Structures are given as C-alpha cells and as structure tokens.
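Chains as they are written, first to last, in my numbering: chain W, 25 to 193; chain F, 838 to 962. Accompanying notes for the structure given below.
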C-alpha cells in the first residue's frame, strides 16, 4: 500500500470539535476537560484465567432515565445490575454519539457481555462478574470523582473483581 | 469514565478503557486504553460483527496482562469504512456556514429552556 500524506492528524479530536460546536451555540466558556499528568497503575494479582472481570458502561436502563433532564445535569446515579438483565439492550439515545452513522442495537458494540462470556468459556479469563455497573456521563468532574467513582469501587469490591473494563460510549 | 478508571487504579484494581474518543481519554490519563478509530457509539466493534468484537475485547484482555506502565494505548487495526473513511469525521459536530445560524438559534433556545428549569427549581443548582 502506498504511503499516505495528510495535513491533519487522522483521529478526530473531540475536544476541538466540541469546543467549536458549543462555541457556535453561543456558550461563552469552553468545557474544561479533565487533564492529568500523573497516571496511577495497578497490575493483575493473579493469572488472567483466574480473574473475575467486571464491566462498566455509560448506558442506563431506559426506565431509569429522566428524558426531560438536561444531558449531563447530574440527574442519574451510578448503578449495579445483572448482566443477564442487559442482554436485551440498554438505553443511550440521550448520550452523545454518532447517531447518523451507526446504531447501538447490538449490545456487544458497547458492552461486550457475550464476548467476555465466550472468553470465560474458552478459559481466557476466569469469569465475567454476574453484575455490571453504570456510571453517568457528567459535566461535573467533582460528581464523577467524589460520588460515582467511589460507588463503582464499592460495587467492584462487593463483587470481588480482579480487573475492570470500562467502556464509555 | 476515565476518572472512574483512575480511581479504581488508585485503589489497586487494574483497569482498561475501551473507547473511540482518543484525545479525551488520553488527556485525562488512564493506565490502559484500547482505541478503535470509529464514530462514537461502537467502541467494542461493529454491529453484527462478533469476530471483530472478540478481537477488540481480546486486545483489552491482552493489555490487562501485558501492559507494564501507565498510558499504554493500543490502536486496533480496524477502519470504519475504507471507501469513505473521512465522511463521518467531517460530518460529526460540523460547524460551517450551512448551519452556523441554526446552531446559534438552538443554543439560545436551550439557554431559555435551562433558565425556565432553574426558575421552577427543578435544576440541581
């Protein structure tokens, strides 16, 4: 394949796009995205094929979504639910994703419960936890860090997880 | 979501984020990140393509096992549509002369709605 040349980076900068987009809506102040220089790192404490793996999504059950709420306004609470109950699909129409070019009718495109169960059957992982967790996409870093993240950690400890896969939509 | 991953890591629980908004995740800074260059909505594979979903999810498992330091990003080899791969990038959140007035009007409408929510005391402040 011939080498390509480009004047811009290939991957989309959503930070740049959203700043321009909301600027065009007349919002004077750009959103302050989280930035960190230092990054924590934990290693697996046992072989992967003995690990219980958990999943975290930004999607919710439709019945728990207040559709009149302004997106990101903090009206959702973190939750834990049975993976089996998610197999029919979750609600995410209120979230910001590319509804013109794709859809979320296939659960395993954003919450790979079935794929991870296959990996458990094959012995690649010990197991997928019975519960998965949901976390709101919130404008407030403070609510995410001080309310939601500790709650997800508590769920993970209750379920004795060895590692966690997080999938923002 | 990346903030949650960081909190779990700080508590000693290994994590991996799977996503398509590369800059947002990497600016926040996470231990392990599986990046797939798709439109937002299908970070773990295309609809109906179980083989691709397994490959992408398998990469996340590989990272849990093999990453040895934070900020380890792996980009999966998949492309959304090889024939017209840039259309979705240009289209999403587009701002140009064709929609500038409409976006400004939508913003104004939203601010009016938010103000009325606040006035009724329904907002969380």
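Glycine residues also receive a C-beta, built at the ideal position from the N, C-alpha and C atoms. Because the structure is a prediction, the values reported are computed rather than measured.
(1) I'd like to check one pair, residue 877 of chain F with residue 120 of chain W: are the Cβ atoms closer than 8 Å?
(2) Quick test of the definition: if touching needs 3 or more C-beta pairs under 8 Å, does the segment 173-187 of chain W touch the segment 842-859 of chain F?
(3) Cβ closer than 8 Å: which chain F residues qualify as neighbours of residue 41 of chain W?
(4) Between residue 954 of chain F and residue 172 of chain W, is the Cβ-Cβ spacing less than 8 Å?
(5) In whole angstroms, what separates the C-alpha of residue 900 of chain F from that of residue 40 of chain W?
(6) Name the DSSP beta bridge partners of residue 852 of chain F, please?
(7) Does residue 150 of chain W come out as helix, strand or coil in the three-state DSSP assignment?
(8) What are the boundary residues of the beta strand (DSSP E) that includes residue 45 of chain W?
(9) Please report the distance separating the alpha-carbon of residue 881 of chain F from that of residue 35 of chain W.
(10) Determine, using beta carbons only, whether residue 38 of chain W comes closer than 8 Å to chain F.
(11) Return the Cβ separation of residue 80 of chain W and residue 143 of chain W in integer angstroms, given the expectation that the two are a contact with Cβ distance under 8 Å.
(12) If you follow the beta strand (DSSP E) that residue 80 of chain W is part of, which residue opens it and which one closes it?
(13) If we cut at 8 Å on Cβ distances, does residue 149 of chain W have a partner in chain F?
(14) For my contact list, residue 194 of chain W and residue 59 of chain W are in at a C-beta cut-off of 8 Å; report their separation, rounded to the angstrom.
(15) Please classify residue 890 of chain F as buried or exposed, where buried requires at least 16 neighbouring CB atoms within 10 angstroms.
(16) Which one of W:104, W:101 and W:128 has the shortest CA to CA distance from residue 112 of chain W?
(17) Are any of the Cβ atoms in chain F nearer than 8 Å to that of residue 67 of chain W?
(18) For residue 961 of chain F, count neighbouring C-beta atoms within 10 Å of its own C-beta (all shown protein chains included) and say buried if the count is 16 or more, exposed if not.
(19) Would you verify that the beta carbon of residue 35 of chain W is, or is not, closer than 8 Å to some beta carbon of chain F?
(20) What's the gap between the Cα of residue 166 of chain W and the Cα of residue 27 of chain W?
(21) Using the beta-carbon count (16 or more within 10 Å), is residue 857 of chain F buried or exposed?
(22) Taking only beta carbons into account, state which residues of the segment 129-145 of chain W come closer than 9 Å to chain F, listed in chain order.
(23) Might you give, ordered along the chain, the residues of its own chain that have their beta carbon closer than 8 Å to the beta carbon of residue 896 of chain F, omitting 5 neighbours on each side?
(24) DSSP three-state label for residue 912 of chain F, please.
(25) Measure the C-alpha to C-alpha separation of residue 947 of chain F and residue 939 of chain F and round it to an integer number of angstroms.
(26) Run through chain F and tell me which residues come within less than 8 Å of residue 169 of chain W, C-beta to C-beta.
(27) Would you say residue 193 of chain W and residue 82 of chain W are within 8 Å of each other, going by their C-beta atoms?
(28) How about residue 867 of chain F and residue 63 of chain W: are their beta carbons less than 8 Å apart?
(29) Residues of the segment 849-872 of chain F in Cβ contact with chain W at a cutoff of 7 Å, in chain order, please.
Reading it off the structure:
(1) Counting from 1 along the first chain, the entry for residue 120 of chain W is found at position 96. Counting from 1 along the second chain, the entry for residue 877 of chain F is found at position 40. Cβ distance < 8 Å, so residue 120 of chain W and residue 877 of chain F count as in contact.
(2) The segment 173-187 of chain W vs the segment 842-859 of chain F: in contact.
(3) Here residue 41 of chain W refers to the residue found at position 17 of the first chain. 929 and 930, listed in chain order.
(4) Your numbering for residue 954 of chain F matches position 117 in the second chain. Your numbering for residue 172 of chain W matches position 148 in the first chain. Against a cut-off of 8 Å, the Cβ pair of residue 172 of chain W and residue 954 of chain F comes out as no contact.
(5) Residue numbering aside, residue 900 of chain F sits at position 63 when the second chain is read from its first letter. Residue numbering aside, residue 40 of chain W sits at position 16 when the first chain is read from its first letter. If I take the Cα positions, the gap works out to 28 Å.
(6) The sequence position of residue 852 of chain F within the second chain is 15, counting from 1. Per DSSP, W:188.
(7) As a working mapping, residue 150 of chain W is identified with position 126 in the first chain. Looking at residue 150 of chain W - three-state DSSP - the assignment turns out to be coil, as it is neither helix nor strand.
(8) On the first chain, position 21 is the one that residue 45 of chain W refers to. Going by DSSP, residue 45 of chain W is part of no beta strand (DSSP E) but of the alpha helix (DSSP H) stretching over 38-48.
(9) In the second chain, the residue the question calls residue 881 of chain F occupies position 44. In the first chain, the residue the question calls residue 35 of chain W occupies position 11. Taking the straight line joining both Cα atoms gives about 17 Å.
(10) Reading the first chain from its first residue, position 14 is the one you call residue 38 of chain W. Residue 38 of chain W belongs to the set of residues whose beta carbon lies under 8 Å from a beta carbon in chain F.
(11) Taking the first residue of the first chain as position 1, residue 80 of chain W is located at position 56. Taking the first residue of the first chain as position 1, residue 143 of chain W is located at position 119. Rounded to the nearest angstrom, the Cβ distance from residue 80 of chain W to residue 143 of chain W is 17 Å, too far for a contact under 8 Å.
(12) One-based indexing of the first chain puts residue 80 of chain W at position 56. For residue 80 of chain W, the enclosing beta strand (DSSP E) stretches over residues 76-81.
(13) Here residue 149 of chain W refers to the residue found at position 125 when the first chain is read from its first residue. Between residue 149 of chain W and chain F, the shortest Cβ-Cβ separation is below 8 Å.
(14) Here chain W has residues from 25 to 193 only, and residue 194 of chain W is not among them.
(15) Stepping through the second chain from its first residue, residue 890 of chain F is reached at position 53. Classification of residue 890 of chain F: buried, given that the 10 Å Cβ count is 16 or more.
(16) The residue labelled residue 112 of chain W in the question sits at position 88 within the first chain. Measuring from the Cα of residue 112 of chain W, the nearest candidate turns out to be W:128.
(17) Along the first chain, one-based indexing puts residue 67 of chain W at 43. Cβ-Cβ to chain F under 8 Å: yes for residue 67 of chain W.
(18) Numbered from 1 along the second chain, position 124 holds the residue referred to as residue 961 of chain F. Any reading at residue 961 of chain F must be qualified, since the residue scores a pLDDT of 47, below 50, and its modelled position is unreliable; the value itself is stated next. With fewer than 16 neighbouring CB atoms inside 10 Å of its own CB, residue 961 of chain F falls in the exposed class.
(19) By 1-based counting over the first chain, the position of residue 35 of chain W is 11. Output row for residue 35 of chain W: interface = yes.
(20) Translated into positions along the first chain, residue 166 of chain W becomes position 142. Translated into positions along the first chain, residue 27 of chain W becomes position 3. For residue 166 of chain W and residue 27 of chain W, the distance between alpha carbons rounds to 45 Å.
(21) Walking along the second chain from the start, residue 857 of chain F turns up at place 20. Counting Cβ neighbours within 10 Å, residue 857 of chain F comes out buried, since at least 16 surround it.
(22) Along the segment 129-145 of chain W, the positions whose C-beta sits under 9 Å from a C-beta of chain F are 129, 130, 132, 133, 134, 135, 136, 138, 139, 140, 142 and 143, read in chain order.
(23) For the purposes of this step, residue 896 of chain F is taken as residue 59 along the second chain, with counting starting at 1. Within the same chain, 871, 911 and 913 come within 8 Å of residue 896 of chain F by CB-CB distance, once the 5 residues on both sides are set aside.
(24) Residue mapping note: residue 912 of chain F aligns to position 75 of the second chain, counting from 1. Assignment of residue 912 of chain F by DSSP, reduced to helix, strand and coil, places it in the strand class.
(25) One-based indexing of the second chain puts residue 947 of chain F at position 110. One-based indexing of the second chain puts residue 939 of chain F at position 102. Their backbone Cα atoms lie some 12 Å apart in a straight line.
(26) Residue mapping note: residue 169 of chain W aligns to position 145 of the first chain, counting from 1. The answer, in chain order, is 840 and 844.
(27) Within the first chain, residue 193 of chain W is the residue found at index 169, counting from 1. Within the first chain, residue 82 of chain W is the residue found at index 58, counting from 1. A contact, by the Cβ cut-off of 8 Å.
(28) The residue labelled residue 867 of chain F in the question sits at position 30 within the second chain. The residue labelled residue 63 of chain W in the question sits at position 39 within the first chain. Yes.
(29) Flagged, chain order: 849, 850, 851, 852, 853, 854, 855, 856, 858, 859, 860, 861, 864, 865, 866, 867 and 868.
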